[in-house]
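Trainee: I have a structure I would like to understand better, so I am pasting it below and will then ask my questions one at a time.
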Amino acid sequence: DVKVTQSSRYLVKRTGEKVFLECVQDMDHENMFWYRQDPGLGLRLIYFSYDVKMKEKGDIPEGYSVSREKKERFSLILESASTNQTSMYLCASSLRAREQYFGPGTRLTVT
Amino acid sequence: KQEVTQIPAALSVPEGENLVLNCSFTDSAIYNLQWFRQDPGKGLTSLLLIQSSQREQTSGRLNASLDKSSGRSTLYIAASQPGDSATYLCAVKETSGSRLTFGEGTQLTVNP
Chain A
1 DVKVTQSSRY
11 LVKRTGEKVF
21 LECVQDMDHE
31 NMFWYRQDPG
41 LGLRLIYFSY
51 DVKMKEKGDI
61 PEGYSVSREK
71 KERFSLILES
81 ASTNQTSMYL
91 CASSLRAREQ
101 YFGPGTRLTV
111 T
Chain B
1001 KQEVTQIPAA
1011 LSVPEGENLV
1021 LNCSFTDSAI
1031 YNLQWFRQDP
1041 GKGLTSLLLI
1051 QSSQREQTSG
1061 RLNASLDKSS
1071 GRSTLYIAAS
1081 QPGDSATYLC
1091 AVKETSGSRL
1101 TFGEGTQLTV
1111 NP
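So the sequences go chain by chain: A and B. Per the numbering used here, the first sequence starts with residue 1, numbered consecutively. Per the numbering used here, the second sequence starts with residue 1001, numbered consecutively.
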């Protein structure tokens, strides 16, 4: 079974803090993705990576950066957290163009 | 730009009923379509993946169909159970990349 894990289920941070969200997959997938999910807006793609050290912007990359130093790990970084980044963050991975598998999500609250 | 719409936004049915969830997309040049289930506060669980060359996929009580030319997919759930209560999302992958475009989901409640 594919397993995608995220470092925290719930996270509370203060405005201006640097925040790291970690995602790890155990199936040697090339592609990894970060989404955020908000009521009324659905799932929106922030960044994705199709190989180690490779990244591409999604639909809403502003205020975020990513890092993929190893194939199994994809990190989302909020350089200076703001209240409008309070959201559910979901990581996913896929083998080439096949189905995406999601992690359990991280509920981030920025106060 | 691809847009995915799911109707209805919410559905409440009695246990045992057969039901259909609808998904439509604006650009028929898709690579595949995926149906997911999401329980409150949780991540997404993949239910079915239909490749663009396929017409349907089945898994247990679930059957998903795809009509690419008309930009539609349906998820059929047979003999619904309270445990089927969740939000169901469809997502399309376009031929030009790896990204998925999601609908906003149908929130299903199956009443005992």
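From the three backbone atoms N, C-alpha and C, an ideal C-beta is built for every residue, glycine too.
Taking Cβ-Cβ distances shorter than 7 Å, what residues in chain B pair up with A:Tyr101?
Mentor: In chain order: Ser1046.
Trainee: Find the residues of chain B that neighbour A:Ser94, judging by a C-beta separation of less than 8 Å, and give them in chain order.
Mentor: The answer, in chain order, is Ser1098.
Trainee: Give me the Cβ distance between B:Leu1100 and A:Gln100, rounded to the nearest whole Å; I'm assuming they're in contact under 8 Å.
Mentor: Right, the Cβ-Cβ distance comes to about 6 Å (below 8 Å), so this counts as a contact.
Trainee: What do you reckon, are the CB atoms on A:Trp34 and A:Leu76 nearer than 7 Å?
Mentor: Yes; because the gap between Cβ atoms is below 7 Å, this pair is in contact.
Trainee: Distance, Cα to Cα, A:Ser67 vs A:Asp51?
Mentor: Approximately 11 Å between the Cα atoms of the pair.
Trainee: List the residues of chain B whose Cβ lies closer than 7 Å to the Cβ of A:Leu45, in chain order.
Mentor: The answer, in chain order, is Arg1099.
Trainee: Assuming A:Gln25 and A:Glu72 make a contact with CB atoms under 8 Å, what is their CB distance in whole Å?
Mentor: About 6 Å separates the two Cβ atoms, so the contact holds.
Trainee: Less than 7 Å between C-beta atoms, sequence neighbours within five positions excluded: which residues of the same chain meet that for A:Ser87?
Mentor: Closer than 7 Å at the Cβ level, and outside the excluded window around A:Ser87, lie Arg36, Gln37, Asp38 and Leu108.
Trainee: Starting from the Cα of A:Thr5, find the closest Cα among B:Leu1075, B:Glu1094, B:Ile1077 and B:Gly1043 and give me that residue.
Mentor: Closest by alpha carbon: B:Gly1043.
Trainee: Can you give the Cα-Cα distance for A:Gly40 and B:Gly1105, rounded to whole angstroms?
Mentor: The alpha-carbon atoms of A:Gly40 and B:Gly1105 are separated by roughly 10 Å.
Trainee: B:Glu1104 versus chain C: which residues are under 9 Å apart at the beta carbon?
Mentor: The structure shown contains no chain C; its protein chains are A and B.
Trainee: If contacts are defined as beta-carbon pairs under 8 Å, then A:Thr111 and A:Arg9 qualify, I think. What distance do you get, rounded to the angstrom?
Mentor: Contact doesn't hold; Cβ gap of about 18 Å is too wide.
Trainee: Comparing alpha-carbon positions, which option in A:Ile60, A:Asn31, A:Val19 and A:Ser65 lies nearest A:Arg98?
Mentor: Minimum Cα distance to A:Arg98 is reached at A:Asn31.
Trainee: Distance cutoff 7 Å, beta carbons only. Does A:Pro61 sit that close to anything in chain B?
Mentor: Output row for A:Pro61: interface = no.
Trainee: Could you tell me if B:Gln1038 is buried or exposed, where buried requires 16 or more neighbouring beta carbons within 10 angstroms of its beta carbon?
Mentor: That one is buried.
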